[in-house]
Amino acid sequence: MSEKLLEVRNLSAGIEEGEILHGIDLEIRPGETHVLMGPNGAGKSTLGNTLMGNPAYQVTGGSVYFAGQDITKAPANERACLGMFMSFQNPLEVPGLSLESFIRSAIRQQTGKPIRLMQYQRKLEETMALLQMDPSYAQRDLNLGFSGGEKKKAEILQMLMLSPKLAILDETDSGLDVDAVRTVSAGIEAYHRQTDGALLIITHSTRILEALKVDRVHILVKGQLAASGGSELVEEINRSGFEAYLKEDAQA
Amino acid sequence: MSEQRISGEQGRSLYDFIDVGTDAYRMTEGLTEEIVTRISEEKHDPEWMRTFRLEALRIYEQMRMPDWGPSIEGLDVGRIAAYVRPKTDMKDSWDQVPEEIRTAFDRLGIPKAEHEFLAGVGAQYDSELVYHNVRESVASQGVVYTDMESALTGEYAEMVRDHFMKLVPVTDHKFAALHGAVWSGGSFVYVPKGVHVDIPLQSYFRLNARGAGQFEHTLIIVDEGADLHFIEGCSAPKWNVANLHAGCVELFVRKGARLRYSTVENWSRNMYNLNTKRALVEENARMEWVSGSFGSHVSYLYPTTILKGAGADCEYTGITFAGQGQNLDTGARMVHLGEDTSSMITTKSISRGGGISTFRSAVEIRKSAARARATVDCSSLMLDDISRSDTVPEMDVRTGDANVGHEAKIGRISDEAVFYLMSRGVSEAEARAMIVSGFADSVSKELPLEYAAEMNNLIHLEMEGRA
Chain Y
1 MSEKLLEVRN LSAGIEEGEI LHGIDLEIRP GETHVLMGPN GAGKSTLGNT LMGNPAYQVT
61 GGSVYFAGQD ITKAPANERA CLGMFMSFQN PLEVPGLSLE SFIRSAIRQQ TGKPIRLMQY
121 QRKLEETMAL LQMDPSYAQR DLNLGFSGGE KKKAEILQML MLSPKLAILD ETDSGLDVDA
181 VRTVSAGIEA YHRQTDGALL IITHSTRILE ALKVDRVHIL VKGQLAASGG SELVEEINRS
241 GFEAYLKEDA QA
Chain V
1001 MSEQRISGEQ GRSLYDFIDV GTDAYRMTEG LTEEIVTRIS EEKHDPEWMR TFRLEALRIY
1061 EQMRMPDWGP SIEGLDVGRI AAYVRPKTDM KDSWDQVPEE IRTAFDRLGI PKAEHEFLAG
1121 VGAQYDSELV YHNVRESVAS QGVVYTDMES ALTGEYAEMV RDHFMKLVPV TDHKFAALHG
1181 AVWSGGSFVY VPKGVHVDIP LQSYFRLNAR GAGQFEHTLI IVDEGADLHF IEGCSAPKWN
1241 VANLHAGCVE LFVRKGARLR YSTVENWSRN MYNLNTKRAL VEENARMEWV SGSFGSHVSY
1301 LYPTTILKGA GADCEYTGIT FAGQGQNLDT GARMVHLGED TSSMITTKSI SRGGGISTFR
1361 SAVEIRKSAA RARATVDCSS LMLDDISRSD TVPEMDVRTG DANVGHEAKI GRISDEAVFY
1421 LMSRGVSEAE ARAMIVSGFA DSVSKELPLE YAAEMNNLIH LEMEGRA
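Those protein sequence lines, which keep their order, are chains Y and V. Take 1 as the starting number for the first sequence in the numbering used here and just add one per residue. Take 1001 as the starting number for the second sequence in the numbering used here and just add one per residue.
Given below as structure tokens:
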């Protein structure tokens, strides 16, 4: 097996109205934490959604490999079963489907095995406690009437229960207060520690990164990676924002 | 037929098995005075019933076909055999029911359900009941649960005569008249004052015969302060000619009593289901309808509740699933007569594969119904671009202090929601089924557990297009 967990080669993608990503190259190895930053409208969410296989986005060029398999055309559920996960920026509400039973169905689909109920129940309770979620949320309809913060916690809960090899966190920190960011960060740390899972954190702020050891930072501007580097890039963005990259792009 | 064909994996074939050679007597097709007289003779009707049938036939001939709902052009009543008697008389032990008929009910899980969670069972096969039994513990409380034919001549003959087609008169509509002329089978239930029947009674109607009609009559009287849950199940195999179901259900809920009437209807796709159900609810009594309609080619079904007594209350919860080739016109009607009466209609309808689902709600608040309260909440889900879903609300309020509300929602499955569920590892078909089951959840959890499971199974079959 290849050392690379995710390999994106010259990927272009977009929606019907036009191409948004132009020739992205990206490699993530098992256990690594990558951060994708960029100004609004740069295509960050498009990249996350394209990697996860959202049919609303079409791949117009290049390819995506995960765990050595070409998944460029694979449906989202196959990607999930291979070990990919995405925390949604706006998690969808599904009336009549409880959070708990949905997680159970997802685990069953991914493992193809029946679930040990007691063990599952215990893990669910512990994880909800870690995320400071009220246990009653387990029986509530998936995301229905959840506050913004509760929805994001429910996403991290699903991540911890499903233990993926790579988790894409799409703006998981946006719209959260300081305490909620801290709780979500604790969840992300736990994921990293427990499973040595890799992360691709899409964000435009740096609050969520404070407690995490970042291996690699990528700056996405107008659908292209304008820079890639170590965690020092985060500090640079903190100091001077994306201004420099936008100018460079304008001159080019 | 091989066992394989009837396994759940094979979709609707669970209900589609056909038994051959189970009828002992089949009335000539069509509808004449002579045929109605012969049915009456076959059934050893009391004299008043024979007169009643002939009068109903005269009214039938004078009335016009309904011209406002789905087309029933494919139905030629002249070619329907109104009476098909199976090769057995009624038994009170499954062992005595002829094997091929017993096997049919075994496949539908009826004897097992009876053993596990029912207080009594009536099983009708074509025109006649082939099995009827009620638990001793229930019978000893004075609860009467019997076939309509026995009821006509038995201890409660007077009571039956006083109530039979009084709530649904034969003049109500053409198919009520038809029912009055050729009805056969069905159940009579009487729950005496103050008696609470803790576990449900069930009637199951199976129409096996080709090109036949089923016209069972259900009459239930729940006396003052009594409590009953009655379950009705129906299915039929698919023939390539039209079958007709024109049953009639009359429910009397006396002062302070409660009746819950649950139905899971799963007729085959050649069935014209023109059924009439009505309840009369007296002072401080409560009526609960739970209804799941999945089958039939065309349905006209609008259970009506008359809230007669002060403080009477009714809740109607229903779900309709119209698939390919189905036009299901259903609804609920509430008539408020008493003061402080309240009604609540909650329905869900799902259409798929070009199926048409229409829901008609009618709330009438008459002058006498001071301080009445009524709410109607209809949601529809369309699973593709070729299906149709309509809601037709009607409110007629004649008081100044009524509190009425209506809400209707029509939606589609969002692609984003499907992607969201798929991103956790579930297949697209499974994701859609989860969303549809979730949509139906508030109704399915009202059904008895076994039926909720059956309904979920039906939704999955429908979603996979195998129904």
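In this text, a Cβ means the ideal position worked out from N, Cα and C, and glycines have one as well.
Segment limits, beta strand (DSSP E) that includes residue i
i: R1278 (chain V); result: 1271-1281
i: Y1131 (chain V); result: 1128-1134
i: S1357 (chain V); result: 1356-1365
i: W1048 (chain V); result: Unbroken run through W1048 (chain V) is the alpha helix (DSSP H), 1047-1062; no beta strand (DSSP E).
i: R216 (chain Y); result: 216-221
i: M1165 (chain V); result: Per DSSP, M1165 (chain V) belongs to no beta strand (DSSP E) and is neither H nor E.
N- and C-terminal bounds of the alpha helix (DSSP H) containing residue i
i: N1403 (chain V); result: Where N1403 (chain V) is concerned, there is no enclosing alpha helix (DSSP H), although the beta strand (DSSP E) it sits in stretches over 1403-1412.
i: K123 (chain Y); result: 117-130
i: M161 (chain Y); result: 148-162
i: T111 (chain Y); result: 99-111
i: K1348 (chain V); result: From DSSP, K1348 (chain V) is part of no alpha helix (DSSP H) but of the beta strand (DSSP E) over 1342-1351.
i: T183 (chain Y); result: 178-195
i: G48 (chain Y); result: 44-52
i: I1199 (chain V); result: Here I1199 (chain V) belongs to no alpha helix (DSSP H), and DSSP marks it neither H nor E.
Cβ neighbours of residue i in the same chain (closer than 6 Å, five flanking residues each side left out)
i: K1091 (chain V); result: V1097, Y1131
i: H1196 (chain V); result: D1227
i: A1056 (chain V); result: V1170, A1177, G1180, A1181
i: V64 (chain Y); result: V8, I71, T72
i: L169 (chain Y); result: S87, I201
i: F242 (chain Y); result: P39
i: T1375 (chain V); result: M1344, G1405
i: A138 (chain Y); result: L99, E100
i: Y1451 (chain V); result: V1264
i: K1277 (chain V); result: V1249, P1303
i: A1481 (chain V); result: This structure leaves residue 1481 (chain V) out entirely; chain V is present only between 1001 and 1467.
i: W1068 (chain V); result: none
Residue i, buried or exposed, once every other Cβ within 10 Å from all chains shown has been counted against 16
i: E1232 (chain V); result: buried
i: I1459 (chain V); result: buried
i: M1271 (chain V); result: buried
i: R1053 (chain V); result: buried
i: R79 (chain Y); result: buried
i: G1318 (chain V); result: buried
i: I1039 (chain V); result: buried
i: S1007 (chain V); result: Because the pLDDT of S1007 (chain V) is 29, which lies under 50, any placement of that residue in the model is unreliable, and the question is left without a value.
i: R1333 (chain V); result: buried
i: I1435 (chain V); result: buried
i: I1386 (chain V); result: exposed
i: E1003 (chain V); result: Bear in mind that the predicted position of E1003 (chain V) carries a pLDDT of just 29, short of 50, making it unreliable; the figure below should be weighed with that in mind. Under this definition E1003 (chain V) is an exposed residue.
i: H1297 (chain V); result: buried
Spatially closest choice to residue i from the options, by CA coordinates
i: S240 (chain Y); options: Y:S205, Y:L209, Y:L225; result: Y:S205
i: L1178 (chain V); options: V:I1059, V:H1229, V:A1369; result: V:I1059
i: G1186 (chain V); options: V:R1206, V:D1415, V:S1427; result: V:R1206
i: A1433 (chain V); options: V:L1383, V:S1093, V:P1303; result: V:L1383
i: I15 (chain Y); options: Y:L26, Y:N49, Y:F102; result: Y:N49
i: A990 (chain V); options: V:Y1204, V:A1257, V:H1217, V:V1222; result: Here chain V has residues from 1001 to 1467 only, and residue 990 (chain V) is not among them.
i: L82 (chain Y); options: Y:D177, Y:K165, Y:A106; result: Y:K165
i: E210 (chain Y); options: Y:I219, Y:S228, Y:V221, Y:N238; result: Y:N238
i: R1286 (chain V); options: V:S1296, V:F1294, V:L1307, V:M1395; result: V:L1307
i: D173 (chain Y); options: Y:D141, Y:I188, Y:P75, Y:R122; result: Y:I188
i: D950 (chain V); options: V:F1105, V:V1290, V:S1342; result: The first residue shown for chain V is 1001 and the last is 1467, placing residue 950 (chain V) beyond what the model contains.
i: P55 (chain Y); options: V:E1430, V:S1442, V:S1444, V:A1417; result: V:A1417
i: R1026 (chain V); options: V:F1215, V:A1081, V:S1442; result: V:A1081
i: G1292 (chain V); options: V:M1065, V:N1457, V:R1085; result: V:N1457
Own chain partners of residue i with C-beta closer than 8 Å, once the 5 adjacent residues on each side are dropped
i: E19 (chain Y); result: S12, A13, T60, G223
i: E1009 (chain V); result: Here E1009 (chain V) scores only 34 on pLDDT, less than 50, and its place in the model is too uncertain to base an answer on.
i: A244 (chain Y); result: none
i: M1 (chain Y); result: Note that M1 (chain Y) has pLDDT 43, beneath the 50 cutoff, so the model's placement of it is unreliable and no number is given.
Anticipated Cβ contact below 8 Å, residue i with residue j, distance rounded
i: L97 (chain Y); j: M128 (chain Y); result: Not really, about 18 Å apart at Cβ, beyond 8 Å.
i: D1390 (chain V); j: T1347 (chain V); result: No, D1390 (chain V) and T1347 (chain V) are not in contact; Cβ-Cβ is about 12 Å, not under 8 Å.
i: A1151 (chain V); j: P1192 (chain V); result: Not a contact, Cβ separation roughly 15 Å.
i: E150 (chain Y); j: Q89 (chain Y); result: Between Q89 (chain Y) and E150 (chain Y) the Cβ distance is about 15 Å, and since that is not below 8 Å, they are no contact.
i: R1269 (chain V); j: Q1326 (chain V); result: 7 Å
i: I1199 (chain V); j: L1118 (chain V); result: 6 Å
i: G1247 (chain V); j: N1266 (chain V); result: Wrong, their Cβ atoms sit about 14 Å apart, outside the cutoff.
i: K1409 (chain V); j: S1361 (chain V); result: About 13 Å separates the two Cβ atoms, so there is no contact after all.
i: V1426 (chain V); j: S105 (chain Y); result: 6 Å
i: D1045 (chain V); j: K1087 (chain V); result: About 22 Å; that fails the 8 Å criterion.
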